[in-house]
Structure formats: C-alpha cells, structure tokens
Amino acid sequence: MAIFKDNLLVNRIIALLIGGLLVFLIMTVTVVQTGKKENAKMAIALDASRYDAGRLLADAKAQLESKEYAASKETLEKLFIFQPGSPEAVEGKTLLTSVDTAEAAATARWEAALPQVKKDWTETLVAELRAKSDKEREELEASLEKTITQAWAKAESKVRTTWEELEG
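Each residue of the sequence shown is one higher than the last, beginning at 1 in full-length UniProt numbering.
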C-alpha cells in the first residue's frame with residue numbers, strides 16, 4: 001500500500017509539473033506571437049515614416065540648401081527607390097538636376113579659386129614656419145651662449161695651464 005501511495009504522489013507531482021510546463025509554454029507562445037506581431041507593425045510604421053515621400057523630398061531640399069550635395073543625392077535615390085510613383089518623386093527628379101547643377105557650379109568655383117587659395121595657404125604656412133624657425137634659432141643661440149659659458153668655466157684653468165706651458 002505504501003508503494004501505491006508513493007507512486008500516486010509521484011504521478012501527481014509529475015502531472016502537476018507537466019501541467020505547469022504546458023501552461024508556461026502556452027503563455028510564452030502567446031506572448032511571443034503577440035510581440036512578433038507588434039514588432040512587425042512597428043517596423044512597417046517605422047519604414048513608412050522613414051521613407052515617407054514628403055519627408056525625403058524635404059530632407060533633400062534642406063541638404064541642397066546646406067550644400068551637402070552627396071547627402072541630397074543619396075536622399076533622392078531613397079525617394080526614387082521607395083516611392084517611385086509619387087508626385088514627390090517627379091519633383092525629386094527636377095531637384096536632382098538642380099543638385100547636379102549646384103554641385104558642378106561649386107566645383108567650378110573651387111577650381112577657379114584653387115590657385116589663389118593654394119598661394120595664400122602656402123604663404124601663411126611659410127610665414128608660420130619662418131616664425132617658428134626664428135624662435136627656435138633664438139632659443140638655440142641663447143642656449144648656446146649659456147653652454148659656452150658653462151664649458152669655459154669648467155675648462156678655463158686647464159686651458160690656462162696648457163697655454164702657460166706653450167708660452168713658457
């Protein structure tokens with residue numbers, strides 16, 4: 001009889017554990033599925049927000065105004081990829097032409113100004129290097145004078161002895 005009660009107790013404990021595990025699995029699957037659905041919805045909403053045609057076009061215009069031509073082109077490419085049929089994409093194509101024109105004009109201005117800019121930069125660098133060199137030379141001369149004075153103080157008696165021997 002004791003064995004029967006022990007087996008019954010073990011069976012009940014096992015049944016309780018299996019039941020608890022089953023409830024845990026059901027709850028976990030339910031929560032995970034709900035979480036995955038919410039994540040999918042949020043990802044869709046985020047993509048819709050991130051690749052909204054109006055927002056992309058506005059960003060591209062702002063980047064053009066701040067002369068960030070590469071960033072503006074990249075934003076317009078996103079607009080063409082993610083919102084190809086939108087009215088903003090049509091406006092984006094004309095904006096892309098404006099970006100290319102502005103970039104070409106900026107490059108032309110830079111290339112025209114480059115010789116003078118390089119000359120001015122070179123003159124400034126030469127002046128800075130000369131000033132630094134002059135300062136270092138002055139410091140070296142001051143240090144040299146001090147070094148000579150110290151060396152003479154140490155060697156004066158020896159030099160005098162040698163001189164007297166040669167004279168004498």
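Note that CB positions come from ideal geometry on N, CA and C, so glycine has one too.
Nonlocal neighbours in the same chain, by C-beta distance under 7 Å from residue i, ignoring five residues either side
{"i": "glutamine 63", "result": "Ala71, Ser72, Thr75"}
{"i": "glutamine 150", "result": "none"}
Cβ neighbour criterion (16 or more within 10 Å) applied to residue i
{"i": "glycine 54", "result": "exposed"}
{"i": "valine 99", "result": "buried"}
{"i": "glutamate 156", "result": "exposed"}
{"i": "glutamate 167", "result": "exposed"}
{"i": "glycine 19", "result": "exposed"}
{"i": "glycine 85", "result": "exposed"}
{"i": "leucine 95", "result": "buried"}
{"i": "glycine 35", "result": "exposed"}
{"i": "glutamine 83", "result": "buried"}
Boundaries of the alpha helix (DSSP H) in which residue i is found, first to last residue
{"i": "glutamine 150", "result": "87-167"}
{"i": "lysine 67", "result": "Unbroken run through lysine 67: none, as it is neither H nor E."}
CB contact check: residue i to chain C, cutoff 8 Å
{"i": "isoleucine 13", "result": "Structure shown: chain C not included; a single protein chain is present."}
Contacting residues, own chain, Cβ-Cβ under 8 Å from residue i (five flanking each side not counted)
{"i": "lysine 78", "result": "Tyr51, Leu56"}
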